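Under numbering that gives the first Met the number 0, the first residue of the sequence shown carries the number 0, and numbering increases by one thereafter. Data first, discussion second: the structure below is written as structure tokens.
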Amino acid sequence: MTKTIDVAVIVGSLRKGSINRMVANTLIELAPAELKLGIVEIGQLQLYNQDLDDQPSAEWTAFRERIAGCNAVLFVTPEYNRSIPAALKNALDVGSRPYGKSVWNGKPGAVVSASPSAIGGFGANHHLRQTFVFLNIPAMQQPEAYLGLADKLFDQQGKLSNPDTGKFLQNFMNAYATWVASNAKS
């Protein structure tokens with residue numbers, strides 16, 4: 000019997016109808032059976048302020064507990080100004096503090112970026128991977144996933160309508176499942 004691996008999916012865009020949320024939902028649908036993926040919301044997190052470390056908000060505590068309890072993380076993000084969105088950076092900061100108590104430590108991760116632009120959020124994808132180094136999130140290197148012209152990939156109901164992209168994302172999720180299985184802590 001294969002152990003189920005709990006994967007926290009972090010979507011960098013806060014918009015309910017965002018392209019990246021559609022991508023995240025597609026990845027959840029395509030995930031192999033051994034992965035249990037669920038979106039962990041970040042929009043409710045108060046901006047990180049070290050002054051609040053001694054009395055964290057209920058939202059910070061719930062977020063930290065959810066990430067601490069998962070086996071792996073999958074980030075799906077747009078690109079804002081050649082970087083990651085502020086809400087995503089804040090979630091990384093909230094989870095990494097207080098210093099020495101990071102909930103990200105050692106959790107295998109991967110990044111998918113999607114954008115209406117042709118380069119598919121390349122800058123955000125790599126900026127996020129750069130952050131993984133300090134957070135000690137082992138990052139899946141291949142396959143890389145940049146979805147350019149992503150606004151054209153979904154129908155009116157938010158379902159993926161491009162079969163080639165579906166095959167690509169299925170291969171990505173299969174590789175991610177293998178990556179996580181070989182790198183997840185129990």
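Where is the CB? At the ideal position from N, CA and C, for every residue including glycine. Here the structure is a predicted model, which means the values were calculated and not measured.
It is roughly 18 Å from the alpha-carbon of residue 56 to the alpha-carbon of residue 87.
In this structure, residue 136 places its C-beta atom within 8 Å of the C-beta atom of residue 108. Residues of the same chain with a CB within less than 6 Å of the CB of residue 48, apart from the 5 flanking positions on each side, do not exist. DSSP, read as helix, strand or coil, puts residue 8 in strand. Measuring C-alpha to C-alpha distances from residue 123 to each of 3, 4, 15, 19 identifies 19 as the nearest. Beta bridge pairing from DSSP links residue 82 with 79. Inter-segment contact for the region 94-112 and the region 51-68 is present: three or more beta-carbon pairs are separated by less than 8 Å. Out of 164, 72, 83, the CA that lies nearest to the CA of residue 178 is found in 72.
One Cα belongs to residue 110, the other to residue 139, and the distance between them is close to 8 Å. Counting only runs of 4 or more residues that sit fully inside the region 84-165, the alpha helix (DSSP H) segments are 85-95, 121-134, in chain order. CA-CA distance, residue 170 to residue 53, rounds to 44 Å. Membership of residue 29 in any beta strand (DSSP E) is not indicated; the residue belongs instead to the alpha helix (DSSP H) covering 18-29.
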